[in-house]
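Residue numbers (the working numbering): -5 to 148. Each residue gets a CB set at the ideal place from its N, CA and C atoms; glycine is no exception.
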Amino acid sequence: MQIRNFYHCAECGREWTGVCGPPNVTMIVRSAAPATCPHTRAKTREKAMTNRIALLNDDFRRNFRGGKIMMTPGVDALPDRVKAEALVQVANFSEFSEDNDPHDEHDFGSFNLVGRRFLWKIDYYDKECEFGSEDPADPEKTTRVLTLMLAIEY
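This is how it looks when you write it as structure tokens:
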């Protein structure tokens, strides 16, 4: 499923979108803005909030508790042992950098396994998973959804 998030920068007033996932089905959600406005590079979240989000994402990714895990059709079609190892790779991922984590939220990563490139992404939804979370730093208001996909599905 392709997810299109709509963001708004409180500083410059501009809006932008972000897309994640394969293009076969699209879900549109309003979401809390990422940490940096792409137009002005202004920080749109307080550092303390960003740090809290990163800690919650790390805990979810390592323990797979407090959210949902989704696999794209390409990943789901792989043998069970490959899927299990891919989840271990996600849980152990620690190679965050400016390139793969520009908002410092630890919400995206990639790795190679069995000759394939895998991607994972964490998105933030309300408790019913109908809309984007208004406060990803608050686990009482947020359901984290980790999507594991093959790079060719992105």
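Take residue i as the anchor and find which of the options has the nearest alpha-carbon.
| i | options | result |
| --- | --- | --- |
| Ala131 | Ile63, Asp98, Ala85, Glu92 | Asp98 |
| Ser104 | Glu89, Tyr118, Pro96, Asp117 | Glu89 |
| Asn45 | Lys135, Val108, Asp101, Asn106 | Asp101 |
| Leu81 | Glu92, Ser127, Trp114, Asp129 | Trp114 |
| Glu40 | Leu144, Asp129, Pro133 | Asp129 |
| Ile63 | Met43, Ala85, Leu72, Asp95 | Ala85 |
| Glu79 | Arg110, Pro32, Glu122, Ile116 | Arg110 |
So for residue i, helix, strand or coil by DSSP?
| i | result |
| --- | --- |
| Lys121 | coil |
| Arg24 | Note that Arg24 scores 46 on pLDDT, short of 50, meaning its location in the model is unreliable and no value can be drawn from it. |
| Pro130 | coil |
| Gly7 | coil |
| Arg56 | helix |
| Gln106 | Reading off the sequence shown, one finds Asn at residue 106, where the question assumed Gln. Strand. |
Evaluate residue i with the Cβ neighbour count: other Cβ atoms within 10 Å of its Cβ, from every protein chain shown; 16 or more gives buried, anything less gives exposed.
| i | result |
| --- | --- |
| Val69 | buried |
| Arg138 | buried |
| Leu140 | buried |
| Ile146 | exposed |
| Thr66 | buried |
Along the chain, where does the alpha helix (DSSP H) containing residue i start, and where does it finish?
| i | result |
| --- | --- |
| Arg138 | Here Arg138 belongs to no alpha helix (DSSP H); instead the beta strand (DSSP E) covers 137 to 144. |
| Gly68 | 67 to 70 |
| Asp74 | 74 to 86 |
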